[in-house]
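Below you'll find the structure, written out as structure tokens, and then a few comments.
Protein chains: 2
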Amino acid sequence: MNIEKMVEIGLLFEQYKELLTEKQREMVSLYYEEDYSLGEISENLGVSRQGVYDTLKRSEKILREYENKLHLVAKLKEQEKFLKSIREKVVDIKEDLLHNRDCANLIPKLENIEEICRELLK
Amino acid sequence: MNIEKMVEIGLLFEQYKELLTEKQREMVSLYYEEDYSLGEISENLGVSRQGVYDTLKRSEKILREYENKLHLVAKLKEQEKFLKSIREKVVDIKEDLLHNRDCANLIPKLENIEEICRELLK
Numbered sequence: 000m001n002i003e004k005m006v007e008i009g010l011l012f013e014q015y016k017e018l019l020t021e022k023q024r025e026m027v028s029l030y031y032e033e034d035y036s037l038g039e040i041s042e043n044l045g046v047s048r049q050g051v052y053d054t055l056k057r058s059e060k061i062l063r064e065y066e067n068k069l070h071l072v073a074k075l076k077e078q079e080k081f082l083k084s085i086r087e088k089v090v091d092i093k094e095d096l097l098h099n100r101d102c103a104n105l106i107p108k109l110e111n112i113e114e115i116c117r118e119l120l121k
Numbered sequence: 000m001n002i003e004k005m006v007e008i009g010l011l012f013e014q015y016k017e018l019l020t021e022k023q024r025e026m027v028s029l030y031y032e033e034d035y036s037l038g039e040i041s042e043n044l045g046v047s048r049q050g051v052y053d054t055l056k057r058s059e060k061i062l063r064e065y066e067n068k069l070h071l072v073a074k075l076k077e078q079e080k081f082l083k084s085i086r087e088k089v090v091d092i093k094e095d096l097l098h099n100r101d102c103a104n105l106i107p108k109l110e111n112i113e114e115i116c117r118e119l120l121k
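So the sequences go chain by chain: Z and B.
Taking numbering that gives the first Met the number 0, the leading residue of the first sequence gets 0, the next gets one more, and so forth.
Taking numbering that gives the first Met the number 0, the leading residue of the second sequence gets 0, the next gets one more, and so forth.
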């Protein structure tokens, strides 16, 4: 399977899986998360290969449509970019503080901020 | 109209409006955002009052169902809580830094972090 597509559908699935039917959710999970083949899914669920294929195609379409409307994956990527930026600035400030004994006590407080930012992305 | 419900639907609408039909979106906006009465919406859109009422009720149900599955409003409230916490800690650290001339130059860097956190919530 195409790695890029696996990553793309994986991210979409993480955000929007609750909006799929149980059957769609199961097939997408088996195919994209557990790397089952169409044949294996077909055998395991007692559905024709064509049926599995059609359900996967339909699910991918649905997931992309939700992303077009809600942009949750795009927003998450933006947030991760900002978080990385905050971490770099915190490291930067910490290095400055380490050179000044009077201010070194502020480092735990800074680390606290960094921790909260990490929570923000959960 | 009940203020609590107005706030609740307002928040849900902000997150999930793109998942409503255009007609649903228009009516919810007129009723909850622009404070139109059922009668006014009915007159403006050429729909019976009952029709407006039914569409609003259906839309509210849809919005709540999406929140039950995606929890976007709940997550946003959590994030705002964390952001407030970061701001308080930044103010706290800034006060400490103001007492030490050597470290006062770090204040702009801290404010930078706070600014990024604000971006995180957009």
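Quick reminder that beta carbons are idealized off the backbone N, C-alpha and C, glycines included.
Computed from a predicted structure; not experimentally measured.
- The beta carbons of B/Leu71 and B/Val51 sit no closer together than 7 Å.
- In this structure the region 40-50 of chain B does not touch the region 74-93 of chain B; the number of beta carbon pairs closer than 8 Å is below three.
- Per the Cβ contact rule, the region 98-112 of chain B is not in contact with the region 25-34 of chain B (fewer than 3 Cβ pairs under 8 Å).
- Within 10 angstroms of the beta-carbon of B/Ser58 lie 16 or more other beta-carbons, which makes it buried.
- Judged by DSSP in its simplified three-state form, Z/Tyr15 adopts helix.
- Neighbourhood of Z/Gln78 in chain B, by CB distance below 8 Å: Leu119, in chain order.
- Chain Z places no beta carbon closer than 7 Å to that of B/Ile8, leaving this residue out of the contacts.
- DSSP places B/Glu94 within a helical segment (H, G or I) once states are collapsed to three.
- Within its own chain, the residues whose Cβ lies closer than 7 Å to the Cβ of B/Leu97, once the five positions on either side in sequence are excluded, are Ala103, listed in chain order.
- Z/Gln78 sits close to B/Leu119, with the two beta carbons spaced by under 7 Å.
- Around the beta-carbon of B/Ile2, fewer than 16 other beta-carbon atoms lie within 10 Å, marking it exposed.
- Contact note: B/Val89 reaches chain Z through Ile112, using a C-beta cutoff of 8 Å and chain order.
- If you draw a 10 Å sphere on the C-beta of Z/Thr20, you find fewer than 16 other C-beta atoms in it, and that means exposed.
- B/Ile106 and Z/Ser84 do not touch by the CB rule: their CB atoms are close to 18 Å apart, not below 8 Å.
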